[in-house]
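Here the structure comes first, spelled out in structure tokens, and everything after it is commentary.
Chains as they are written, first to last, in the working numbering: chain H, 518 to 858; chain U, 1050 to 1437.
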């Protein structure tokens, strides 16, 4: 492999503009050499902004221009485009969600195995120090047996979308559950293990869910809820309760509160990294960690930290949710509008 | 309206438009949502609707949005800018949309205006016959002008338009008369003048009227005021939000603390206080001013002549001048003092008459204040707006 990895970015939407392309500028060991998007205006705008040499409306015919690719396309294209690239022996970092079905995930995992190249998934919260501490606390047994959990993540949707694909079921594969929820559920399953049962409710009425609620039972016996929203501000933390204590952790930050059982005391603060003192992790730092890991995996011929197999678990849960969906009761809508006249 | 209609809703990502999408989509109708920014589509994309990008400033986008639509519900209004800019954007955008609709041979164009189109609030019964007064308020003035243009298009070119003029609309997802007031009650004390009437109407009643406007033949070319069945008082309207938040925020406008606050606000706006505020933030400028000749001589003389305790007292007084905020002893929430515009609204004895809407449109408001506020409270609790 060259000293500098040549990267193609497929998809010129907001995530490429505000996250991947500015982050890649930070790397000495990687360079964006190709931008692909069907929207010529977008791809030329970003090519000019980030000084990218090649652009095209599709990846076909451009394989000589890059060694690895970042896929930031509408969700429904993640699997087909990944499969195409993996078949050409290109390493792939695919934005979350990895795919919109388990069968697509399996095809991608198999294709990566077969071609012997890295398949990484853009679940950048795995690189949060607080989330790593959470894994360590749980796995060490410091909290004892995990009894319950409570995850709430919601905000009034404000992502600077450049198209409507997030809101089209066929392109996005779903709504808040598969978009924000894939992060939330990935954290939950990564920390606490796989699920055994799920009861799922959402407010979609032929379109995509903006609000949903999961009642979950895990294989380790822990029970809890996950609530997600695109129209409400929720707590945006996870609470994990064990028999010896509990903690509350920010879902997209390094803030943690530790509680001892039956005690009025709380340890409340930011998780920092002894290797990088006096630093916090902003948005771009997380993308930097994710891309650095992807490049290291390619160079060292190892699995990325978030590989296809580990990202698959959340898709399996999402698929189960949508399969057994029930309507979410919206309390103020209990009476249908009766139009008079 | 039926499945053969393609229905365009502008402003569909807003309060009223969003509720209309919910109701019509549940009837299985074909809806095209015009959105100026897709990021606001989370609520409406729960339904199987077509999303298109359209903006009142982009006339081509409006023409594309109207293509093939037999019914248009026009809720969109772009705020901001000068009076002239609001006119340009909203008036020209609406005209373009209506002309595109006419060209397509559409069946009904429902325009959602406002009772603000009558101008400043007044102490009388308000009917569709009440003359619209000139106003300096940009929103009211723009609404007047838009109505005029649509009536002209109806008279001259046969635009099948119906204009609705809703009053104080509240309910789930409401901003001006719901979340704004919740925030006001939560964070301030509100000096509310007594006695004024509030012509409140629950969102679903406005949506009933909107649908009737699209379906009733007799509605074509007409304008209808839309309100609740009878006015309440502003005190009762605010009290509903106080109840939701379990907090007393309203104080009587004649309360002595209102007078005190008025004096304080005048003081804060006075030149010496503004100067004090500016200097408090810039110690280097204060130091430089003290070093200028007259002050420097005065300080030097004082140092020589005054005894130690007196000098210390003066120094403390001088330092506290910059350290203490004007209301340092004030621990209560700030007081919201309505300005002239709001006072006029809160004191007006306006009674909106619904006779025309009842007789010609078949409108019959079904949700009284208690029921409407109960539903609003359920939504607000769900939306996490009632927690501390």
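Where is the CB? At the ideal position from N, CA and C, for every residue including glycine.
All of these numbers come straight from a predicted model, not from anything done at the bench.
Other residues of its chain near residue i: CB distance less than 8 Å, five sequence neighbours each side excluded
i, result
"residue 1199/U", "1143, 1147, 1158, 1160, 1208, 1210 and 1212"
"residue 789/H", "646, 771, 795, 796 and 797"
"residue 753/H", "669, 670, 671, 672, 767, 768 and 769"
"residue 841/H", "715, 716 and 717"
"residue 1377/U", "At residue 1377/U, the pLDDT of 46 sits below 50, so the modelled position is not reliable; the number obtained from the coordinates is stated separately. Result list for residue 1377/U: empty, nothing under 8 Å."
"residue 1402/U", "1174, 1175, 1176 and 1274"
"residue 677/H", "531 and 535"
Close beta carbons around residue i, own chain, < 7 Å, minus the five adjacent residues each side
i, result
"residue 616/H", "595, 596, 622, 625 and 832"
"residue 1236/U", "1382"
"residue 1070/U", "1058, 1061, 1080, 1082, 1093, 1096 and 1098"
"residue 600/H", "624, 625 and 628"
"residue 1241/U", "1283, 1284, 1287, 1299, 1302 and 1395"
Residue i vs residue j beta-carbon contact at 9 Å
i, j, result
"residue 741/H", "residue 827/H", "no"
"residue 507/H", "residue 667/H", "Shown here, chain H extends from 518 to 858; a query on residue 507/H therefore has no answer."
"residue 528/H", "residue 591/H", "yes"
"residue 524/H", "residue 587/H", "yes"
"residue 1281/U", "residue 1175/U", "no"
"residue 651/H", "residue 611/H", "no"
"residue 474/H", "residue 707/H", "Because residue 474/H is not part of the residues shown, which for chain H are 518 to 858, the question remains open."
"residue 725/H", "residue 691/H", "yes"
"residue 1310/U", "residue 1234/U", "no"
"residue 1124/U", "residue 1065/U", "yes"
"residue 1415/U", "residue 1254/U", "yes"
"residue 719/H", "residue 730/H", "yes"
"residue 1074/U", "residue 723/H", "yes"
"residue 1325/U", "residue 1370/U", "yes"
9 Å Cβ cutoff, residue i in contact with chain H
i, result
"residue 1288/U", "no"
"residue 1066/U", "no"
"residue 1424/U", "yes"
"residue 1221/U", "yes"
"residue 1057/U", "no"
"residue 1158/U", "no"
"residue 1332/U", "no"
"residue 1171/U", "no"
"residue 1074/U", "yes"
"residue 1402/U", "no"
Proximal residues to residue i (C-beta, below 6 Å), its chain only, five neighbours per side dropped
i, result
"residue 1431/U", "none"
"residue 810/H", "821 and 822"
"residue 1398/U", "1172 and 1246"
"residue 1321/U", "none"
"residue 1345/U", "none"
"residue 1054/U", "1119 and 1120"
Beta carbon proximity, residue i to chain U, threshold 9 Å
i, result
"residue 681/H", "yes"
"residue 673/H", "yes"
"residue 684/H", "yes"
"residue 727/H", "yes"
"residue 783/H", "no"
"residue 639/H", "no"
"residue 591/H", "no"
"residue 461/H", "Past the boundaries of the shown model lies residue 461/H; chain H is included only from 518 to 858, so the question cannot be answered."
"residue 742/H", "no"
"residue 530/H", "no"
Among the options, nearest to residue i - alpha-carbon criterion
i, options, result
"residue 781/H", "763/H, 787/H and 557/H", "763/H"
"residue 539/H", "804/H, 834/H, 836/H and 819/H", "804/H"
"residue 1164/U", "1414/U, 1307/U and 1272/U", "1272/U"
"residue 824/H", "630/H, 761/H and 799/H", "630/H"
"residue 1264/U", "1117/U, 1064/U, 1121/U and 1086/U", "1121/U"
"residue 1214/U", "1067/U, 1195/U, 1184/U and 1202/U", "1195/U"
"residue 748/H", "1354/U, 1221/U and 1151/U", "1221/U"
"residue 1394/U", "1105/U, 1248/U and 1054/U", "1248/U"
"residue 1109/U", "1361/U, 1128/U and 1150/U", "1150/U"
"residue 1261/U", "1154/U, 1168/U and 1413/U", "1413/U"
"residue 1180/U", "1166/U, 1186/U and 1188/U", "1166/U"
"residue 704/H", "815/H, 775/H, 560/H and 639/H", "639/H"
"residue 760/H", "558/H, 634/H, 583/H and 661/H", "661/H"
Contact list for residue i against chain A, beta-carbon separation under 9 Å
i, result
"residue 848/H", "The displayed structure is made up of protein chains H and U, and chain A is not among them."
Item to check | Cβ-based contacts, 7 Å cut-off: residues of the stretch 744-769 of chain H near chain U | outcome: 747, 748, 749, 750 and 751
Next on the checklist: What are the residues in the stretch 1092-1115 of chain U lying within 7 Å of chain H by C-beta distance?
Outcome noted: 1092, 1094, 1095, 1096, 1097, 1098 and 1100
Checklist entry - Given a limit of 9 Å on CB to CB distance, which residues of the stretch 1208-1241 of chain U reach chain H? => result 1220, 1221 and 1222
Next on the checklist: To be precise: take each residue of the stretch 703-722 of chain H, compare its Cβ to all Cβ atoms of chain U, and keep it if any distance is under 9 Å. Which residues remain?
Outcome noted: 719, 720, 721 and 722
Item to check | the stretch 533-546 of chain H: positions lying closer than 9 Å to chain U by Cβ | outcome: none
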